[in-house]
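Remarks on the structure that follows.
Protein chains in written order, with the working numbering: chain A, -12 to 461; chain B, 8 to 232.
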């Protein structure tokens, strides 16, 4: 049987189980019916045997020394009541008939071979016979010891006498057949339920597996409470994940080491260039080296971000933002831009890694200063809803680029030469590690606004701020 | 002004030496911790620049040895270990400031000067920025050699900005400084004083100016050219 159409293991198993179950039930019912018939048959046989023994007890020797049947009144009445239903014939060992009821049965029996000690069963068709009517008979012949010596006794009764039992059995068999589709449905249902239940750990595993990504290589599938058939699969999966994680770690370490090793020669080149006097090419060279420094720093940050699980503390966004502004201000002023910090009145506390957050914010401020025109101001605003906004007055980010700018190594066509396209990717990854996000929009006064948002503001803090913030970032 | 540079990478050491010498410092360089220990014991340096990863051991250990012994020489740590724990460790061990490699030489010189401008350090008595000279003992200020009369509060602000020049001084820190002078401080006292001070410096054609970092504080930067 092909189940190619069923893609679901659940359904496949359930259907097969249901078919098996119904087949088993049918076989069981069949065996039961057969047994019942058999039992009914052997009850019949036993009764016939008892009749033969009763008859044997009633055989006496008369005064002439001849065997004679002397039935007790009750038995005689019973046989006489239905001579066509209950037959008997008694012969002596010479085959001579001693007694018979009805006589025609005696005539038939007298032609039969001698009876043995073991009862032998026979069927007799009475069709067409005057005395027997149209009944079929079932009977036995046996040799029994009587008071007049051994006798051959044959008894028979109409076959229809166990009709009630047989009709009950037929009804049972019919019922069983009629119920089987229902049984099939029920077993299918139970099967699906049971298999579904049994496969629950598998669904758990697949849910867990779907959370595994380049940043979460340490996740392993649970090996407990699993069906034994799946354990080995899960164990090998976990081994494979171990190896992958190792590979990732090696890769990250390589990036980190490479970036790290690049720093010293770069530092040498940078400071050597600083000591030289001159304009033109030298100035360009300095810019190039500065760019390279930045790239190496960012590579290192990316590698570190990938490699290290961040530890979170409760930090005040006001403190983080003002410290970044203070650190960046001298550089911004050297670029002839100003920078301002607008804090919220209350501390804005979030769960965060302060250093990672500073990195993210520094990247945004750096970008903003590079994009805002000479003489304008970059503002860093913290609001009580747990957001930090960095606004510049540059040309802004076109809507079509907004979903791309946070990808690694993505560089806008208009961006010119500065930047390697890593800064915003770093910001985005840092924020993702905080279960927050970074987005970009338009500054009402022209330019771009980058917003860092955090998922959970401590509830008490929000109430204290009294601004009715509904926690839309949750 | 004599400085000790402890740095094992010869090229970097050479470049630091060259840069500091151009800033008119006298510079000795050593490559290993043992030499550094000896040099510090024998020569009264005004400040030391210390690399943390040395061939014969951790620079932090050297710091830990110096501080309990009388030595209060200002120390600037250079480190490639940008892990912040390391920086904090360095400051805890008694370093006065740190710079993470790679750094700009100009930054190194600015930081070194800032260390030397601390009260009690070599440059602590005469503070300079561009053509501004501030004698902290006589509390005399001159711009391009011409004395500039400043009220006490403005000179207190200027002194502090000079000591931390090139870096942002939080408004709250300046407020604290003024609090010692004025017991009743108006909320806008600092901006007002800074405003006056800035105008006076401009009028005197000073080659350094005070920038406002709105929401954070102020910083004094030498004007270029």
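All C-beta atoms in this analysis are idealised placements derived from N, C-alpha and C, irrespective of residue type, glycine included.
{"query": "Residues of its chain near residue 47 of chain B, where Cβ-Cβ distance is below 6 Å and the 5 sequence neighbours each way are ignored", "result": "none"}
{"query": "Residue 327 of chain A vs residue 298 of chain A beta-carbon contact at 7 Å", "result": "no"}
{"query": "Interface flag, residue 261 of chain A vs chain B, CB-CB below 7 Å", "result": "yes"}
{"query": "Short CB-CB distance (under 7 Å) between residue 222 of chain B and chain A", "result": "yes"}
{"query": "Span of the beta strand (DSSP E), counted from its first residue to its last, around residue 339 of chain A", "result": "336 to 339"}
{"query": "One or two residues paired with residue 54 of chain A in a DSSP bridge", "result": "A:48"}
{"query": "Assigned secondary structure, residue 204 of chain A (DSSP; H/G/I helix, E/B strand, else coil)", "result": "coil"}
{"query": "Meets three-Cβ-pair contact criterion under 8 Å: the stretch 139 to 146 of chain B and the stretch 160 to 167 of chain B", "result": "yes"}
{"query": "Euclidean distance between Cα positions of residue 134 of chain B and residue 32 of chain B", "result": "16 Å"}
{"query": "Classification of residue 230 of chain A by the beta-carbon crowding that lies within 10 angstroms, buried from 16 upward", "result": "exposed"}
{"query": "Residue-level contact to chain A via CB, residue 7 of chain B, 7 Å cutoff", "result": "Residue 7 of chain B lies beyond the range of chain B shown here (8 to 232); nothing can be said about it."}
{"query": "Closest Cα partner of residue 213 of chain A within the set A:30, A:193, A:152 and A:384", "result": "A:193"}
{"query": "Neighbour flag for residue 331 of chain A against chain B, beta carbons, 7 Å", "result": "no"}
{"query": "Within-7 Å CB hit, residue 288 of chain A to chain B", "result": "no"}
{"query": "Interfacial residues, the stretch 97 to 114 of chain B to chain A, with Cβ spacing under 9 Å", "result": "108, 109, 110, 111, 112 and 113"}
{"query": "Beta-carbon proximity list for residue 273 of chain A, same chain, < 7 Å, skipping 5 on both sides", "result": "260"}
{"query": "Separation of residue 35 of chain B from residue 394 of chain A, as counted between CA atoms", "result": "47 Å"}
{"query": "Residue 280 of chain A at chain B interface by Cβ criterion, 7 Å", "result": "yes"}
{"query": "Where residue 465 of chain A meets chain B, residues with beta-carbon distance less than 8 Å", "result": "Look at the range of chain A in this structure, -12 to 461, and you will see that residue 465 of chain A is not part of it."}
{"query": "6 Å Cβ shell around residue 404 of chain A - same chain, five flanking residues per side excluded", "result": "Model confidence at residue 404 of chain A stands at a pLDDT of 47, short of 50, so the residue's coordinates are unreliable and nothing is read from them."}
{"query": "Amino acids of chain A, ordered along the chain, whose beta-carbon sits closer than 7 Å to that of residue 25 of chain B", "result": "262"}
{"query": "Unbroken alpha helix (DSSP H) run spanning residue 179 of chain B, endpoints", "result": "178 to 186"}
{"query": "Cβ pair residue 435 of chain A, residue 427 of chain A closer than 7 Å", "result": "yes"}
{"query": "Short CB-CB distance (under 7 Å) between residue 218 of chain B and chain A", "result": "yes"}
{"query": "Rounded separation between residue 125 of chain A and residue 141 of chain A - CA only", "result": "11 Å"}
{"query": "Residue 310 of chain A, enclosing alpha helix (DSSP H) - first and last residue", "result": "304 to 321"}
{"query": "Residue closest to residue 337 of chain A, alpha-carbon to alpha-carbon, out of A:347, A:352 and A:374", "result": "A:374"}
{"query": "Residue 202 of chain B versus residue 321 of chain A - alpha carbon distance", "result": "21 Å"}
{"query": "Within-7 Å CB hit, residue 38 of chain B to chain A", "result": "no"}
{"query": "For residue 312 of chain A and residue 176 of chain B, believed in contact at Cβ under 8 Å, the rounded distance", "result": "Rounded, the Cβ-Cβ distance is 13 Å, inconsistent with contact."}
{"query": "N-terminal and C-terminal residue of the beta strand (DSSP E) that residue 133 of chain A is part of", "result": "123 to 133"}
{"query": "Sub-7 Å separation of residue 356 of chain A and residue 389 of chain A beta-carbons", "result": "no"}
{"query": "Rounded Cβ spacing between residue 472 of chain A and residue 65 of chain A (contact assumed at less than 8 Å)", "result": "This structure cannot speak to residue 472 of chain A, because chain A is shown only from -12 to 461."}
{"query": "Proximity below 7 Å, CB of residue 139 of chain A to CB of residue 95 of chain A", "result": "no"}
{"query": "Inter-residue Cα distance where the pair is residue 458 of chain A and residue 370 of chain A", "result": "Because the pLDDT of residue 458 of chain A is 36, which lies under 50, any placement of that residue in the model is unreliable, and the question is left without a value."}
{"query": "For residue 228 of chain A and residue 12 of chain B, the rounded distance between their alpha carbons", "result": "48 Å"}
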